[in-house]
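Residue numbers (the numbering used here): 497 to 780. In this text, a Cβ means the ideal position worked out from N, Cα and C, and glycines have one as well. These numbers were taken from a predicted model, which means no experiment stands behind them. Notes follow once the structure below has been shown.
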C-alpha cells in the first residue's frame, strides 16, 4: 500500500501509475514509482503497463518485506551510531536491545502459539476429514450393498419372469399344436368323407350320363319310329284323300291335308310356307 500525493488516498502497488510520487513509510519517497519506471522504461525487454500490473502478488509481497527489513536494519544501525555519540546512548541502546530481545521472545512465543493452533486446527481438520472419509466409505459400502442386493433381486425377478414367460410360451405352443393337429385330423377326415362323397357323386353322375345317353338313343329311335309312322300315316291320308276326290270330285279338297300334286303356283307357295313354319312350331 502507498499514499498518493495527488489524491491523498491509500492505493495498492498494482495501481501505481508512472510519473506519480508515492510515500510508503519513513524515507521511502517514490520507491514504488521508481520500480515502475525501471520496469517500463528499461533498455532491454521493457514491460508494458499491463505486464507490470500483472506481476505475481507473492513476489511483490516478498520484495516489500525485504525492503522493509532493509530499512529497519538501516534505521537500527543509524540509532546505534547516534547512541554511541550521546552520553546516555549506551544505556538507551542496552535498554533497546533488551526490548528487542523481549520482542523477539514474544514473537517466538506468538509464533509457537500460532504453530500450536495451526497444528491443532490441522489435526482437527485431519480428524474431521478422516471422520467424513469413514462416513463416506461406510455410506459407499452401504450403497454398494444395496445396489448389489437390488441387482440380485432384479436378476432373480428377471429370471423368474423369463421362466414364467417360457412356460407360458411352451404351454401356449403345445395347446396351439394340439389344436392344430386336432383340426388337421378333423379336416383330413372331413376331406376323406368329401372325397368319398365326390366319388359317389362322380359315379352317380357318370351313371346318369350313361342313362341319359341311353335314354337319348332310345328317344331318338322312338322319335324316328314315330316319325316314320306319322310319315306313313300322312302318305296314307293323302292317298285316301286323292282317291276320295277322284271318286267324288264334288266333295272338294280338305285344306288341312297336303295334296300329292299341286294344281297351281299358289298352292305350292302356301304349303312351302307351312313347311317352313312347322320347323319352328311343332304344333302345326
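Compute the distance between the beta-carbons of residue i and residue j, then report whether it is under 9 Å.
i	j	result
residue 804	residue 537	Since the first residue of the chain shown is 497 and the last is 780, residue 804 is not available in this structure.
Give every residue of the same chain whose Cβ lies closer than 6 Å to the Cβ of residue i, excluding the five residues on either side of it in the sequence, and list them in chain order.
i	result
residue 679	none
residue 769	none
residue 524	Because the pLDDT at residue 524 is just 43, under 50, the model does not fix this residue reliably, and the point stays unresolved.
With hydrogens ignored, establish whether the beta-carbon of residue i is closer than 8 Å to any heavy atom of the ligand GDP.
i	result
residue 742	This structure lacks the ligand GDP, and indeed carries no ligand of any kind.
So, for residue i: in the same chain, excluding its five sequence neighbours on each side, which residues have a beta-carbon less than 7 Å away from its beta-carbon?
i	result
residue 664	none
residue 766	none
Excluding the 5 residues flanking residue i on each side, which residues of the same chain have their C-beta closer than 8 Å to its C-beta?
i	result
residue 636	none
Report the start-end ranges of each beta strand (DSSP E) in the region 677-725 that is 3 residues or longer and not cut off at the edges. none
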